[in-house]
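What follows is a set of notes on a single structure, which appears directly below.
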Amino acid sequence: MGLLTIGLMLCGLVSAATGFYTDPHCEKRAVGIVHLFEWKWTDIEKECPRLAQLGFCGVQTSVPTEHLVRPENSWEERYLPVSYDVVSRSGDEDQFINMVKACSATGVRIFVTLQLDHMSPESGLGFNGTPYNASTLDYPGVPYNASHFHTKADCSKPNLSPSSAPKDMQDCWALRYPDLDQSKPHVRDQIVKLLNKFVSMEVAGFFLANSLHIDPKDLQVIFDQVHDVKFGGRPFVTYEMVNTVPSSIDPRWFYPIGRVTDFSMSEVLGKAILEKDLSGLCLLLDSSTVLISRDYATVLPAEQAVVFVDNVDYQRGMSPPWVKVVTYKEPHLYELALSFVFASGYGIPRVMSSYNFTKPSQGPPTDDEGNILGVTQSAGHDCENGWICEHRFPNVKDMVKFSSTFRHQRINNCKAEKTKVSFSRGEEGHFWATLGTLDELRDDLPKVMKWNATSNEYIEELRTEGLTLMNLGGTATVAIYSGSLAPITLREEKKTTTPTTESTTTLPTTRKSTTTLPTTRKSTTTLPTTRKSTATLPTTRKSTTTSDNHETYNYFNNNRKTNNDFT
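All residue numbers in the sequence shown are consecutive under this note's numbering, ending with 625.
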């Protein structure tokens, strides 16, 4: 064997060993991802400088490819593609490219949500006017035809549940959605072409919806053909799947090709906070073990996990029936949960940035023509036109900074009681949270002994330097501190006096505690009201869908509902 051959083999080994898909390519010290759900590309472009200032790594977008159009304008439309053209109700391809480049210039990475498992189950014209016909499996905008989908012969038991055989989970038509066969060369080629198109636009990675319905071996073949991203190395890839219920699909199958969404953080935090019992949270930090009353949990290593307080589905009640989730509708509790996620340093934290809704199928705020309303760029954290903007909540900036500062430090000294929890990151990063007021944290916070010349004694006070206190509304409080907790005593200052014939020494009295809590920053989080848009927005195409009775994909509800049931 020649030296050249050996050299090529070694290069191949190095490429395989370093070709991970778990690195989000963050700018130095940036952490966390914000899911700007249903935001327009032009609004994301405006938001990126703010996100960079807050210290965020990147943005997860909504699906940017052409989708079907329904009269009710539901959010689910974005997950039902009719072509791979980059035109959606968030904007066209030029607006998308401009957004990505502008955000990249600020150091904020863009991660694209994609639906690669299936196509639209209906027939008509897509958002950009592309015809499609689910009854004949004809999608000329890609193009796909009937030969590119799984058939009934591929599926032994079409009534899927989490315990269905892996082959059925990957080959059956979930909720009658035309299921693509990613083992076919043409399907792989079209997906690779789409992914490389986004990479050429300077996208840093992807979030894949419904990943458990695609064979990871096929995904490996597909991503092996995707180019390296501009920022160096493989694209960052995250696969959406619930890891907290028994399933035939093992998240570990996806580890070689990316990260996996870890629902344990969301479920454990939601249960603890809403049931007002934080005593089990240290166990979560120690082992990432799901603490819900079930006999199953898949522990995801931190380097493989993307964690969050809530997501699109859980926010809308599309979860196992025993799950409790904190959402923007209880902002003070949401801020506490989000603080815990960022302080923990486990996985990559993702913030759900939402819009206000009153029924699960409700789409984003729109005008009378169906155009998405803009997000008002107010000076504070509040958004308008029905947008929530959790990433602008007052405590977020401090928690992102804390997470960045101590991101390489291990969890130490975790203590949890029914209403409060605390832990350290290394020796100098300290976190406290309580389902109560600041008074409940008084005894735990760092102190300093100061000499009081008037009373001739040492007085215990809070050590304010490096301490940040966050009153999240009276029923939730967070404190973070950067520095050593070792006791500090500031001794009596020496004074120059005229010597006398007699020397009298006055000894300090015993320590007296008069600790007072400094003024805290109040959170003024309120739910914005929806306002009428006064902007002239482009008119979108009216729906030409031949069927508007559709189902919401939810394994955990045996009685599947149509969106008409949500009205």
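Glycine included, C-beta positions come from ideal geometry on N, C-alpha and C.
Round the Cβ separation of R167 and C84 to the nearest angstrom and send it over; I've been treating them as touching at under 8 Å. 7 Å
Would you identify the three-state DSSP class for S222, choosing helix, strand or coil? coil
Opposing strand residues paired with V295 [DSSP bridges]: F264
For Q283, is the classification buried or exposed, using 16 other Cβ atoms within 10 angstroms of its Cβ as the cut-off for buried? exposed
Pop quiz: Y297 and F312 are said to be a contact at Cβ under 8 Å. What is the actual Cβ separation, rounded to whole angstroms? 5 Å
Length of the line joining the Cα atoms of K387 and G444: 13 Å
Three-way DSSP call (helix, strand, coil) for Y413 in this model: strand
Would you kindly work out how many angstroms separate the C-alpha atoms of M507 and P389, rounded to a whole number? 36 Å
Thinking just about the alpha-carbon of each residue, which of D368, I546, R450, S141 is nearest to the one in V399? D368
Would you call E475 buried or exposed, if buried means 16 or more other Cβ atoms sit within 10 Å of its Cβ? exposed
Range covered by the alpha helix (DSSP H) that runs through C106: 99-112
Go through its chain and collect everything with a Cβ distance to C258's Cβ below 8 Å, but skip five positions before and after it. Rather than Cys, the amino acid found at residue 258 in this sequence is Ser. Counting only Cβ-Cβ distances below 8 Å, and skipping sequence neighbours, we find H285.
Would you mind giving the Cβ-Cβ distance between F294 and M323, rounded to the nearest angstrom? I have them listed as a contact below 8 Å. Their Cβ separation, rounded to whole angstroms, is 19 Å, which puts F294 and M323 out of contact at 8 Å.
Which of helix, strand or coil DSSP assigns to R500: helix
Is the beta carbon of D237 less than 9 Å from the beta carbon of D229? yes
Close-in-space but distant-in-sequence residues of the same chain around R136 (CB under 6 Å, 5 per side omitted): S120, V121, H125
Helix, strand or coil for T584? Go by DSSP, reduced to three states. A caution first: T584 carries a pLDDT of 37, below 50, which makes its placement in the model unreliable, though a value can still be read off. Looking at T584 - three-state DSSP - the assignment turns out to be coil, as it is neither helix nor strand.
Taking just the CA atoms, how far does Y142 sit from G199? 7 Å
Look up I538 in the DSSP assignment and give the residues it is bridged to. F489, T526
How far does the beta strand (DSSP E) with C472 in it extend, from its first residue to its last? 469-474
Nearest by alpha-carbon distance to Q362: which of G328, V318, I331, S337 is it? V318
Short Cβ contact (9 Å threshold) for K215 with D226: yes
Check each candidate in T522, D152, E442, G428 and name the one with the smallest Cα separation from V127. G428
Return the chain-ordered list of same chain residues with a C-beta closer than 8 Å to the C-beta of G375, the five sequence neighbours on each side being excluded. P418
Per DSSP, A363 forms a beta bridge with which residues? V318
S221: buried (16+ other C-beta within 10 angstroms of its C-beta) or exposed? exposed
Report the three-state DSSP secondary structure of W231 (helix, strand or coil). coil
From which residue to which residue does the beta strand (DSSP E) around E393 run? No beta strand (DSSP E) contains E393, which is instead part of the alpha helix (DSSP H) from 389-402.
Contact the region 169-186 vs the region 264-277: 3+ CB pairs below 8 Å: yes
So is H488 buried or exposed if we call it buried at 16+ other beta carbons inside 10 Å? buried
Beta carbon of V326: closer than 8 Å to some heavy atom of the ligand SAH? This structure lacks the ligand SAH, and indeed carries no ligand of any kind.
Proximity winner among V381, N186, L394, relative to F534 (alpha-carbon distances): The residue you asked about is not Phe; residue 534 is Ala in the sequence shown. If we check each option's Cα against that of A534, L394 comes out closest.
Quick one: what's got a C-beta closer than 7 Å to F256's C-beta in the same chain, skipping five residues either side? V170
Tell me, please, which residues DSSP counts as bridged to K478. T492
Closer than 7 Å by C-beta to P309: which residues in its own chain qualify, once you throw out the five before and the five after it? Chain order, please. M299, N301, V318, T356, L358
Reference K55, options T522, C340, I102, V458, closest by Cα: This structure leaves residue 55 out entirely; the chain is present only between 59 and 625.
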